[in-house]
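Contents: one structure, followed by commentary.
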Amino acid sequence: MLSKLHHKKLNKLKNEFNSLKEGKESLLRILNEVELPEAVYNSNAIENSTLTISETEDILLNMEISRNIELREIFEARNLATVTEYIQKNRKRLRINIETILLLHKMLISNINNDIAGRFRKKTEYVRVGNYLAPAPEEINEMMNGLLENFKDEDKDILVKIIEFHLAFEKIHPFIDGNGRIGRVLINLMLLKEGLPQIIIKNSEKQYYYATFKLYDRNEKEKALKDFGRIVFLQLSESFHKRIAYLDGKKIKT
3 MLSKLHHKKL NKLKNEFNSL KEGKESLLRI LNEVELPEAV YNSNAIENST
53 LTISETEDIL LNMEISRNIE LREIFEARNL ATVTEYIQKN RKRLRINIET
103 ILLLHKMLIS NINNDIAGRF RKKTEYVRVG NYLAPAPEEI NEMMNGLLEN
153 FKDEDKDILV KIIEFHLAFE KIHPFIDGNG RIGRVLINLM LLKEGLPQII
203 IKNSEKQYYY ATFKLYDRNE KEKALKDFGR IVFLQLSESF HKRIAYLDGK
253 KIKT
């Protein structure tokens with residue numbers, strides 16, 4: 003999970019971030035806009051999209067692409083960008099519940115596969131990821147309700163809850179498609195609702211990220227939580243540093 007040292011470092015960064023951001027919301031919105039292609043590229047690349055970051059940026063700017071790209075990948079980029087901007091703008095009113103999760107999924111999958119957009123798996127819709135077979139469709143509602151109920155635990159640290167939620171959500175795999183991307187969107191919605199910056203889980207870290215799911219599936223939950231906690235810590239630290247530098251008028255390292 004997260005150590006006391008991790009919490010201490012993040013609290014220090016959070017305090018510095020909060021002291022600088024007052025009255026500079028417009029600057030943070032600009033940074034979010036600049037970050038959008040990178041965020042979309044990485045989340046889609048983790049799911050094996052062939053788009054480069056420059057192609058992703060061109061698609062989001064409605065520019066012409068130099069090669070033939072499947073229409074699905076174009077919609078994947080545009081839809082994820084729409085979802086990302088939506089949670090940024092509506093973070094205060096959106097609740098972490100089934101309704102929100104289904105809404106975000108509908109936005110993500112629309113025009114890609116409208117038959118499955120905005121609903122959980124049903125009847126014979128089983129999903130396998132590698133050697134892992136996700137729970138039966140009949141179990142999804144109960145498991146998701148239990149997961150959301152656990153997230154309401156006010157005695158737990160928010161980052162601990164986010165880490166636990168993500169690993170459990172991906173194990174449930176409630177959708178036919180879009181589980182990973184929605185899971186990462188939910189991480190950021192949860193962070194934003196707490197006044198914390200969004201994070202980008204990098205495609206370059208995919209093997210370490212996926213390794214945490216394998217550990218969790220094998221019931222090595224303590225190590226899975228620790229390893230995924232480290233990923234969240236590193237990316238949240240990076241996100242804080244980037245915003246602090248921007249708000250303080252320093253050059254941002256990329």
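Taking the working numbering, the leading residue of the sequence shown gets 3, the next gets one more, and so forth.
The beta carbon of each residue, even a glycine, is placed where N, CA and C say it ideally should be.
All of these numbers come straight from a predicted model, not from anything done at the bench.
Following the continuous alpha helix (DSSP H) through residue i, name the residue where it begins and the one where it ends.
i: Ile165; result: 160-174
i: Asp60; result: 55-62
i: Arg186; result: 181-195
i: Phe215; result: 208-219
i: Asn81; result: 73-92
i: Asn20; result: 6-23
i: Arg95; result: No alpha helix (DSSP H) contains Arg95, which DSSP labels as neither H nor E.
i: Gln200; result: Run containing Gln200: none; DSSP gives neither H nor E here.
i: Ser28; result: 27-48
i: Arg69; result: Run containing Arg69: none; DSSP gives neither H nor E here.
i: Lys228; result: 223-249
i: Asn115; result: Here Asn115 belongs to no alpha helix (DSSP H), and DSSP marks it neither H nor E.
i: Met3; result: Segment: none, Met3 is in no alpha helix (DSSP H) and carries neither H nor E.
i: Ile142; result: 139-153
What does residue i pair with, by DSSP beta-bridge criteria?
i: Val131; result: Tyr134
Would you say residue i and residue j are within 8 Å of each other, going by their C-beta atoms?
i: Ala79; j: Asn46; result: yes
i: Phe215; j: Glu172; result: yes
i: Leu62; j: Ala41; result: no
i: Phe230; j: Leu169; result: yes
i: Ser51; j: Glu75; result: yes
i: Ile202; j: Leu238; result: no
i: Arg93; j: Lys14; result: no
i: Leu198; j: Lys16; result: yes
i: Gly182; j: Glu49; result: yes
i: Arg232; j: Phe19; result: no
i: Met146; j: Ile111; result: no
i: Pro139; j: Lys125; result: yes
So, for residue i: in the same chain, excluding its five sequence neighbours on each side, which residues have a beta-carbon less than 6 Å away from its beta-carbon?
i: Glu59; result: Pro39
i: Lys26; result: Leu249
i: Ile89; result: Leu191
i: Lys91; result: none
i: Leu217; result: Lys225, Ala226
Can you name, in chain order, every residue of its own chain whose Cβ lies under 7 Å from the Cβ of residue i, other than the five neighbours on each side?
i: Ile178; result: Ile118, Arg123, Glu127, Val129
i: Asn133; result: none
i: His107; result: Ala119, Gly120, Phe177, Gly180, Ile184
i: Phe77; result: Asn113, Ile114
i: Val85; result: Leu106, Met109, Leu110, Val187
Can you name, in chain order, every residue of its own chain whose Cβ lies under 8 Å from the Cβ of residue i, other than the five neighbours on each side?
i: Leu105; result: Gly120
i: Thr54; result: Tyr43
Kindly give me the distance between the Cβ atoms of residue i and residue j, rounded to whole angstroms, as I take these residues to be in contact under 8 Å.
i: Ile98; j: Leu150; result: 7 Å
i: Met3; j: Ile165; result: 7 Å
i: Ile103; j: Leu193; result: That belief does not hold up - the Cβ atoms of Ile103 and Leu193 are roughly 16 Å apart, past 8 Å.
i: Lys23; j: Leu30; result: 6 Å
Cβ of residue i versus every heavy atom of the ligand HEM: is any distance shorter than 7 Å?
i: Val162; result: Of the ligands one can find in the structure shown there are none, so the ligand HEM has no counterpart to examine.
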